[in-house]
Amino acid sequence: MSDPLYTEIIIDEAKYPQNKGTLEHPDISQHDANPMCGDSITLQMNIKDHTIDDIKWSGKGCTICTACTSVLTQLIKGKDIDDAKNMQKETILSELGLEHLIQQSPIRIKCALLSLKVLKLGLYSYLASKLENNNFDSLKEEAASLY
Amino acid sequence: MQTSISVEQIRKDFPILKRTVRDNKPLVYLDNASTTQKPNQVIDAINDYYRNHNANIHRAVYALAEEATEAYEATRDKVAKLLNIKSREEIIFVRGTTEAINLVAYSWGRANIKEGDIIVTTEYEHHSNIVPWQLLTQEKNAKLEYIGVNDDGELILDQLDKYLLTGKVKLVTFSLMSNVLGTITDVEKIVSKCRQASVPILIDGAQAVPHMKVDIQSLDCDFFAFSAHKMLGPTGVGVLWVRKSILETMVPFHGGGDMIREVHKYETTWNDLPYKFEAGTPNIADVVGFGAAIDYLEKIGMQTIREHEIELTKYALDKMSNVKGMTIYGTKDIAKRGGVISFNFHDVHPHDVAHIVDREGVAIRSGHHCAQVLMERLNVAATNRASFYIYNTKEDVDILVKSLDKVAELFKL
Chain A
74 MSDPLYTEII IDEAKYPQNK GTLEHPDISQ HDANPMCGDS ITLQMNIKDH TIDDIKWSGK
134 GCTICTACTS VLTQLIKGKD IDDAKNMQKE TILSELGLEH LIQQSPIRIK CALLSLKVLK
194 LGLYSYLASK LENNNFDSLK EEAASLY
Chain B
712 MQTSISVEQI RKDFPILKRT VRDNKPLVYL DNASTTQKPN QVIDAINDYY RNHNANIHRA
772 VYALAEEATE AYEATRDKVA KLLNIKSREE IIFVRGTTEA INLVAYSWGR ANIKEGDIIV
832 TTEYEHHSNI VPWQLLTQEK NAKLEYIGVN DDGELILDQL DKYLLTGKVK LVTFSLMSNV
892 LGTITDVEKI VSKCRQASVP ILIDGAQAVP HMKVDIQSLD CDFFAFSAHK MLGPTGVGVL
952 WVRKSILETM VPFHGGGDMI REVHKYETTW NDLPYKFEAG TPNIADVVGF GAAIDYLEKI
1012 GMQTIREHEI ELTKYALDKM SNVKGMTIYG TKDIAKRGGV ISFNFHDVHP HDVAHIVDRE
1072 GVAIRSGHHC AQVLMERLNV AATNRASFYI YNTKEDVDIL VKSLDKVAEL FKL
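Chains as they are written, first to last, in this note's numbering: chain A, 74 to 220; chain B, 712 to 1124.
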């Protein structure tokens, strides 16, 4: 049976998710949950020379959430923080052929993008903690414009 | 009163059950613990109210105002009769169970809960019977304690003794039926323990009142809350019942019109009960619609409804437990549970299960069901939940079970 949402690639990705686990001394540890379904994701990252040196994730989520989190972590590992910070939702979705969710499923899109939200929350908090106070407002504005 | 339900006849009263969803699949609605569908009788009552009788209540002297007031107040009497309530002044219309419990927390709770006091709730409560008490106990520096749930999904009532022995418990609050497990609470045992310790009792009846005969006199509690929309009525209407001797001591929850006797620049005297607690123009049309829902249920008979659901639940439990990879939560003892079945299918996330069965026209709930404390206790992130009502059939159960095949197929189980 074929299904527009539960494709082979998604089911396989969720069955064997990459980068699952925790880091011992993470520079960034960020958690968030989807209040509707209880999906709950924690991302941990180590930062070296302004790049994401290592990333692990833990938590519980549905197939869509798990597959997207797995893909997200693979995409941003080794990336410059600024590139990771600017990661667009379309990039994640297209990796798994889920672009149709934007139009068709306002509920399941939240499953797909929870980890991206956690990533951005984590990176922005990290950057904010490294910044002079006077730059903080512009960063907050930039973060707000993303959602 | 009928002796058994003619589901076929009943289904004709519900226009929504005629529609199809997702590529012309007949709708199989199994999310009744969340909200029920509405029969023509309820829809027509609301329609008729707006077309023919609409006016504000309790004020003007003209004909429409009189009719509107009468229709609104008639529902109060229907509630009294349904639940065997002695005094109609004890019945307060609110927006729903959530508002009812918040009313108690703010009005009674703020005046009676002091630092160091204990409020006891249970692990299988809906968030609406947890969060208001968290807010109150945090504000008052009091403590919130939980009666645990055993592996059969029943409350471990011995734990209540331990709390009562401290002499600090000021309220025990619990639901009459769990919205996740369907467990029917052993009220008699809790109430007798609380009475011995002179501790007031609040019962959340949101899941019970729609599905079984409930008698306030024999429950012998002090506060009771439930919602219209889970029993064929409209959304935005609920009832709070409070024992008169307590209600008389309570300060208003909301200030405004209709709840006053006389207002002067710096002081106000209150209206009589129950109007003291119904500030502002209420949801008149939907209260009238709720009256029609009560009529509809009483015509069938609450005991008949319970029997129909027992039969359906038994059938569903039998059928579902034979499905490979099925985990069903809660007691297997049909006498101790209502028509609510929470389950997990293999290790497929409930969100995925619900999504796939929805393609087959089956509406079940997936998630934490506003009961995250219980999810933690069951050690699951979420469950699927099928819940029944008067219009559900064994065929609905069959379609649900069959739709799980699609899940198995997609996930190669």
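Heads up, the beta-carbon is just placed ideally off N, CA and C, and yes, glycines get one too. No experiment lies behind these values; they were computed from the predicted model shown.
By the neighbour-count definition (other C-beta atoms within 10 Å, threshold 16), Asp872 (chain B) is an exposed residue.
The Cβ atoms of Ile802 (chain B) and Leu943 (chain B) lie no closer than 9 Å to each other. Around the Cβ of Met109 (chain A), a 10 Å sphere holds fewer than 16 other Cβ atoms; the residue is exposed. For Pro985 (chain B), DSSP assigns no beta-bridge partner whatsoever. Leaving aside the five residues that flank Ile120 (chain A) on each side, the residues in its chain whose CB is nearer than 6 Å to its CB run, in chain order, Asp100.
Per the coordinates, the alpha-carbon of Lys825 (chain B) lies some 15 Å from the alpha-carbon of Glu856 (chain B).
Under the three-pair Cβ rule at 8 Å, the stretch 842 to 852 of chain B counts as touching the stretch 805 to 820 of chain B. Residue range Asp869 to Leu876 is occupied by the alpha helix (DSSP H) that includes Leu871 (chain B).
If the five residues before and after Leu186 (chain A) are omitted, its C-beta is found closer than 6 Å to the C-beta atoms of Lys162, all from its own chain and listed in chain order.
Between Thr786 (chain B) and Ile1005 (chain B), the C-beta spacing is below 9 Å. Per the coordinates, the alpha-carbon of Val1034 (chain B) lies some 28 Å from the alpha-carbon of Val1084 (chain B).
Proximity of chain B to Met118 (chain A) at the Cβ level (cut-off 9 Å) is not reached, the minimal Cβ distance being about 23 Å. Residue-level contact by beta carbon fails for Leu847 (chain B) and chain A, as no gap is shorter than 9 Å. Under the DSSP assignment, Ile830 (chain B) falls in the beta strand (DSSP E) whose first and last residues are Ile829 to Thr833.
Cβ neighbours of Lys1025 (chain B) within its own chain (closer than 6 Å, five residues either side excluded): Ile1045. Between the C-alpha atoms of His98 (chain A) and Thr139 (chain A) there is a straight-line separation of about 23 Å. Listed by position along chain A, the residues whose Cβ is nearer than 9 Å to that of Ile1067 (chain B) are Asp76, Leu78 and Tyr79. Non-local C-beta neighbours of Thr1042 (chain B) in its own chain, meaning closer than 7 Å and more than five positions away in sequence, comprise Asp863, Gly864, Glu865, Thr894 and Arg1048, ordered along the chain.
Between Val815 (chain B) and Phe934 (chain B) a beta carbon distance of about 5 Å is seen, short of the 8 Å cut, so the two are scored as contacting. Counted as a single uninterrupted DSSP element, the stretch harbouring Phe1122 (chain B) is not any alpha helix (DSSP H), since DSSP gives it neither H nor E. Considering only B:Val1091, B:Gly991 and B:Thr1104, the residue with the shortest C-alpha distance to Asn767 (chain B) is B:Gly991. Secondary structure note for Ser1098 (chain B): it is in no alpha helix (DSSP H), and the uninterrupted beta strand (DSSP E) holding it is Thr1094 to Ser1098. Around Asn92 (chain A), the same chain offers Ile128, Lys129, Trp130, Ser143, Thr146, Gln147 and Lys150 as residues with beta carbons nearer than 8 Å, after the five sequence neighbours per side are excluded. Excluding five sequence positions before and after Val999 (chain B), the CB atoms of its chain that fall closer than 6 Å to its own CB belong to Ala756, Tyr760 and Ala782, given in chain order.
Around Gly111 (chain A), the beta-carbon contacts reaching into chain B at under 8 Å are Gly1078, His1079, Gln1083, Met1086, Ala1092 and Ala1093. Within chain A, no residue has its beta carbon less than 8 Å from that of Phe1056 (chain B); the closest one is some 12 Å off. When the beta-carbon positions are compared, Leu1023 (chain B) and Val1068 (chain B) stay at least 9 Å from each other. Pairwise C-beta distances place the stretch 908 to 915 of chain B out of contact with the stretch 1106 to 1115 of chain B, as fewer than three of them are shorter than 8 Å. Residue environment analysis places Arg733 (chain B) among the exposed positions, since fewer than 16 neighbouring C-beta atoms fall within 10 angstroms of its C-beta.
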